[in-house]
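Asker: Just passing along the structure, written as structure tokens.
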Amino acid sequence: MKVLIIKITLRASWVHSLKEKRMVVKSLLQRLKNKFNVSVGEVDEQDIHQTIVIGIVAVCGTSAQASSTMESIITFIEDNTDAEIVDIEQYEENF
Numbered sequence: 189m190k191v192l193i194i195k196i197t198l199r200a201s202w203v204h205s206l207k208e209k210r211m212v213v214k215s216l217l218q219r220l221k222n223k224f225n226v227s228v229g230e231v232d233e234q235d236i237h238q239t240i241v242i243g244i245v246a247v248c249g250t251s252a253q254a255s256s257t258m259e260s261i262i263t264f265i266e267d268n269t270d271a272e273i274v275d276i277e278q279y280e281e282n283f
């Protein structure tokens with residue numbers, strides 16, 4: 189069993205307030221939960237209105253499934269938000 193842990197940093201240059209950022213983040217997190225059945229949350233930079241850092245955790249059966257899930261999540265984020273992906277950190281733990 190593999191536990192996939194991803195930390196994705198996005199830049200939303202059009203966001204001008206924390207309220208506006210909160211709406212973008214809430215929508216994206218809910219869509220990720222619904223589509224991929226993963227645990228997801230905003231994990232850093234909550235007070236900076238143009239930077240979004242989300243953490244995603246998924247339990248996968250194999251390394252191949254973990255890689256496929258990560259690629260699908262990244263593609264989904266690129267297709268469903270105007271925010272630009274700045275950084276992606278990936279970890280895999282064996283259990």
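First residue of the sequence shown: 189, per the working numbering; consecutive thereafter. Ideal Cβ placement from N, Cα and C applies to all residues, glycine included. Since the model is a prediction, treat every value here as computed from it, not as a measurement.
Could you give the residue range of the alpha helix (DSSP H) that holds asparagine 282?
Answerer: Per DSSP, asparagine 282 belongs to no alpha helix (DSSP H); it is in the beta strand (DSSP E), 272 to 282.
Asker: Compare the beta carbon distance of valine 241 and valine 226 with 8 Å and say whether it is the shorter of the two.
Answerer: No, the pair does not count as a contact, with Cβ atoms beyond the cut-off.
Asker: First and last residue of the beta strand (DSSP E) that includes valine 212?
Answerer: Run containing valine 212: none in the beta strand (DSSP E); it sits in the alpha helix (DSSP H), 206 to 224.
Asker: Is phenylalanine 224 closer than 8 Å to threonine 197 when the C-beta atoms are compared?
Answerer: No. Outside cutoff.
Asker: If you draw a straight line from the alpha carbon of asparagine 268 to that of lysine 207, how long is it in whole angstroms?
Answerer: The alpha-carbon atoms of asparagine 268 and lysine 207 are separated by roughly 19 Å.
Asker: Would you report the Cα separation of asparagine 172 and isoleucine 261, rounded to the nearest angstrom?
Answerer: Residue 172 is absent from the structure shown; the chain starts at 189 and stops at 283.
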